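Student: Line by line, the protein sequences give chains A and B.
Residue 55 is where the first sequence starts when you use the numbering used here, and the numbers rise one by one after that.
Residue 55 is where the second sequence starts when you use the numbering used here, and the numbers rise one by one after that.
2 protein chains.
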Amino acid sequence: MKTSLGAKTLLYPAPVMVVGTYNEQGQANVMTAAWGGIACSRPPCISISLRSATASHAYIVSRKAFTISLPSRAYAAQADYIGLVSGHNHNKFEELGLTPVASTLVDAPYVNEFPLVLECRLVAIHELGLHTQFIGEVMDVKVDKMLVTNKRRVNIEQLDPILFMPDSGLYYGLGTLIGEAFSIGKELVQHKDKA
Amino acid sequence: MKTSLGAKTLLYPAPVMVVGTYNEQGQANVMTAAWGGIACSRPPCISISLRSATASHAYIVSRKAFTISLPSRAYAAQADYIGLVSGHNHNKFEELGLTPVASTLVDAPYVNEFPLVLECRLVAIHELGLHTQFIGEVMDVKVDKMLVTNKRRVNIEQLDPILFMPDSGLYYGLGTLIGEAFSIGKELVQHKDKA
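As structure tokens, then:
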């Protein structure tokens, strides 16, 4: 039996994305966003949605670029801090002792201490209401070498990403492996084919 | 030290969303999507990105509506199956013994057995390349009564959502609680204010 919770954005989980930009003076800024996701496979695009009141909103429009740095669980407090204070009056890199690295592909910095980084070129802006959706084409992904498997994939458990739960406002870690996609459902397909 | 993995959509984690639609004959269909996320808070909007080759793509364009049903971990094989076969030649509800429920708010069905449902009205279509991004305004969220806390929030651990890991193609479960958002970073703020 289901009950109504009203019109809300209850989609679980949301990623914890630290968005890197340059301000008007070329100073590196970061903010934490959870509204967004993968938007297209070819060209590879992701979306992030920001309120126009944020400092980063204007910086992305101005530089037509941003990065996404994914913090591991060890950096959860830092990621939360980055979402608590504004780039309008805080130098968050300096305050947290984090290292901005200039992307050589797009006009934006990323967080050296965070294990995985997407360097994005702004390709579209969609005004949706309170939030503006930015579509970024991923020009490259950079990841800590020790997290790359021998199949050139990301070791997810070592990446140890943070998950955000909308409405309840809780961060969770990654749990246990359930199985392989495009695989664990095959038994059901074969079963049906036999029937 | 970071290494380049090339231009890919490596954003972790992605949600596992089962998209409900009606086909031309009014038969309920579902497909599994992981490209998407929350897009706007007011009005509450989510985005999903589908290839035009999918059956659901045409159904969403035609009916201007879709639902998102979030499977719990217990339904991981079913969710995978729903992503393996096409609505063009499969009645997935029937094959899996799942129950379509007609939304009374939008022209689309949802999966009764899955614990959380978003009923969405199509408000925008963005052609991004291989994928089309659909923006859906969330008209209501329906959730299994037993999952609602006394604060009218979703009990995330009981919801037990599935997480998809792009590229590596693995499903994971939810891990342990890290802490409260807009809270665990406060200690760092106070520390800075004192300094």
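A virtual CB, placed ideally from N, CA and C, is assigned to each residue, including glycine.
Predicted, not measured: the structure shown is a model, and the values here were computed from it.
Is it buried or exposed, Val-197(A), if we count other Cβ atoms within 10 angstroms and call 16 or more buried?
Tutor: The count along the first sequence starts at 1 and reaches residue 197(A) at position 143. Val-197(A) comes out buried.
Student: The alpha helix (DSSP H) spanning Tyr-113(B) covers which residue range?
Tutor: Within the second sequence, numbered from 1, the residue matching residue 113(B) stands at position 59. 109–117 is the span of the alpha helix (DSSP H), which, as asked, contains Tyr-113(B).
Student: Quickly, what does DSSP pair Thr-158(A) with across the bridge? List them, please.
Tutor: Mapped onto the first sequence, residue 158(A) falls at position 104. DSSP lists no partner for Thr-158(A).
Student: Should Phe-188(A) and Pro-125(A) be called a contact, given that it needs their Cβ atoms to be closer than 9 Å?
Tutor: The residue you call residue 188(A) lines up with position 134 of the first sequence. The residue you call residue 125(A) lines up with position 71 of the first sequence. Taking 9 Å as the Cβ cut-off, Phe-188(A) and Pro-125(A) do not qualify as a contacting pair.
Student: Let me check one thing: in DSSP terms, what residues is Tyr-129(B) bridge-paired to?
Tutor: Taking the second sequence and counting its residues from 1, the one referred to as residue 129(B) is at position 75. In the DSSP output, where bridge partners are listed per residue, Tyr-129(B) has none listed.
Student: Would you kindly report the start and end of the unbroken beta strand (DSSP E) that includes Leu-320(B)?
Tutor: No information on residue 320(B) is available, as it lies outside the stretch 55 to 249 that chain B covers here.
Student: Using the Cα positions of Val-202(A) and Pro-67(A), report the straight-line distance between them to the nearest angstrom.
Tutor: Reading the first sequence from its first residue, position 148 is the one you call residue 202(A). Reading the first sequence from its first residue, position 13 is the one you call residue 67(A). Whole-angstrom Cα-Cα distance: 24 Å.
Student: Under a Cβ-count criterion, where at least 16 other Cβ atoms within 10 Å of its own Cβ denotes burial, should Phe-29(A) be classed as buried or exposed?
Tutor: This structure cannot settle anything about residue 29(A), because the visible part of chain A is limited to 55 through 249.
Student: Can you give me the start and stop residues for the alpha helix (DSSP H) that Lys-258(B) sits inside?
Tutor: As shown, chain B starts at 55 and ends at 249. That puts residue 258(B) outside it, with no answer to give.
Student: Going along chain A in order, which residues have a C-beta closer than 9 Å to the C-beta of Gln-212(B)?
Tutor: Position 158 of the second sequence, counted from the first residue, corresponds to residue 212(B). Simply none; closest approach about 12 Å.
Student: Decide if Thr-63(A) is buried, meaning its Cβ has at least 16 other Cβ atoms within 10 Å, or exposed.
Tutor: The residue labelled residue 63(A) in the question sits at position 9 within the first sequence. That one is buried.
Student: Does Phe-218(B) get closer than 9 Å to chain A when you measure Cβ to Cβ?
Tutor: Taking the first residue of the second sequence as position 1, residue 218(B) is located at position 164. Output row for Phe-218(B): interface = yes.
Student: Determine the burial state of Met-85(B): buried for a count of at least 16 other Cβ atoms within 10 Å of its Cβ, exposed for fewer.
Tutor: Within the second sequence, numbered from 1, the residue matching residue 85(B) stands at position 31. Buried, because 16 or more other Cβ atoms sit within 10 Å of the Cβ of Met-85(B).
Student: Kindly list the residues whose CB is nearer than 8 Å to the CB of Ala-249(A), restricted to its own chain and excluding five residues on each side of it in sequence; keep chain order.
Tutor: Position 195 of the first sequence, counting from 1, holds the residue named residue 249(A). The pLDDT assigned to Ala-249(A) is 48, lower than 50, so where the model puts this residue is not dependable; a value taken from the coordinates is nonetheless given after this. Excluding sequence positions up to five before and after Ala-249(A), its CB lies less than 8 Å from no other CB in the same chain.
Student: By alpha-carbon positions, which one of Tyr-76(A), Ser-106(A), Leu-184(A) and Glu-234(A) ends up nearest to Ala-119(A)?
Tutor: Along the first sequence, read from residue 1 onward, the residue named residue 119(A) stands at position 65. Residue Tyr-76(A) is the option with its Cα nearest to Ala-119(A).
Student: Taking 9 Å as the cut-off, decide whether the C-beta atoms of Leu-65(B) and Met-71(A) are in contact.
Tutor: In the second sequence, counting from the first residue as 1, residue 65(B) sits at position 11. In the first sequence, counting from the first residue as 1, residue 71(A) sits at position 17. Yes. Within cutoff.
Student: By the 9 Å beta-carbon criterion, what residues does the stretch 108–142 of chain A contribute toward chain B?
Tutor: Listed in sequence order: Ile-122, Leu-124, Arg-127, Ala-130, Ala-131, Gln-132, Ala-133, Asp-134, Tyr-135, Ile-136, Gly-137, Leu-138 and Val-139.
Student: Let's test the definition: count the other Cβ atoms within 10 Å of the Cβ of Thr-121(A) and tell me whether it reaches 16, buried, or not, exposed.
Tutor: Here residue 121(A) corresponds to residue number 67 of the first sequence, with the count starting at 1. When all chains shown are included, Thr-121(A) counts as buried.
Student: Just to make sure I have the definition right: I need the residues of chain B whose C-beta is within less than 9 Å of the C-beta of Ile-189(A). Which are they?
Tutor: Here residue 189(A) corresponds to residue number 135 of the first sequence, with the count starting at 1. Within chain B, the residues placing a beta-carbon under 9 Å from that of Ile-189(A) are His-180, Leu-182 and Gln-187, ordered along the chain.
Student: Please name the residue, chosen from Leu-59(A), Gly-183(A) and Ser-95(A), that lies closest to His-185(B) on a Cα-to-Cα basis.
Tutor: For the purposes of this step, residue 185(B) is taken as residue 131 along the second sequence, with counting starting at 1. Comparing C-alpha distances from His-185(B) to each of Leu-59(A), Gly-183(A) and Ser-95(A) shows the shortest one belongs to Ser-95(A).
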